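Numbering (our numbering), first residue to last: 963 to 1043.
We treat Cβ as the ideally placed atom computed from N, Cα and C, and that holds for glycine.
In this text the structure is predicted, and so the values were computed from the model without any measurement.
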């Protein structure tokens, strides 16, 4: 899959709620592997909340990306979920 196919995809939690859209990828410089997804969630007319989710939380990638967490657990205090 091309990186451009991931950009802008909705990320959905285990309960079917949206966590935001993929805005960027985090790549391990040594291995070249994707280690995380940067997400943006619209919180107002012109404001967004940014967060990062670890790549190993991804359950499936189809038209949307499904992850193994719930929105209530979703916070970016540690930098990764």
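Check whether residue i and residue j have beta carbons under 9 Å apart
i	j	result
residue 998	residue 987	yes
residue 976	residue 1030	yes
Same chain, Cβ closer than 7 Å to residue i, neighbours up to 5 away in sequence not counted
i	result
residue 1022	1028
residue 1041	Confidence at residue 1041 is low in this model, with a pLDDT of 49, below 50, so the placement of that residue is unreliable and no value is reported for it.
residue 1004	1010
residue 979	1033
Proximity to residue i [Cα-Cα], best of the options
i	options	result
residue 1032	963, 1011, 974 and 990	974
residue 1014	1005, 982, 968 and 978	982
residue 990	1017, 1035, 1034 and 1025	1017
residue 1096	1035, 1006 and 996	As shown, the chain starts at 963 and ends at 1043. That puts residue 1096 outside it, with no answer to give.
Sequence-distant residues of the same chain with beta carbon closer than 8 Å to residue i, five excluded per side
i	result
residue 965	987
residue 1001	973, 981, 982, 983, 984, 985, 1012, 1013, 1014 and 1015
residue 963	1023
Same chain only: Cβ atoms within 6 Å of residue i, ignoring 5 sequence neighbours per side
i	result
residue 1039	With a pLDDT of only 47 at residue 1039, under 50, the local geometry of the prediction cannot be trusted, and the value read off the model is given with reservation. So the list is empty, once near-sequence residues are dropped.
residue 1008	none
- request: Write down every uninterrupted run of the beta strand (DSSP E) in the region 978-1017 whose length is 3 residues or greater and which is fully enclosed by it, in chain order.
  value: 980-989, 996-1004 and 1010-1016
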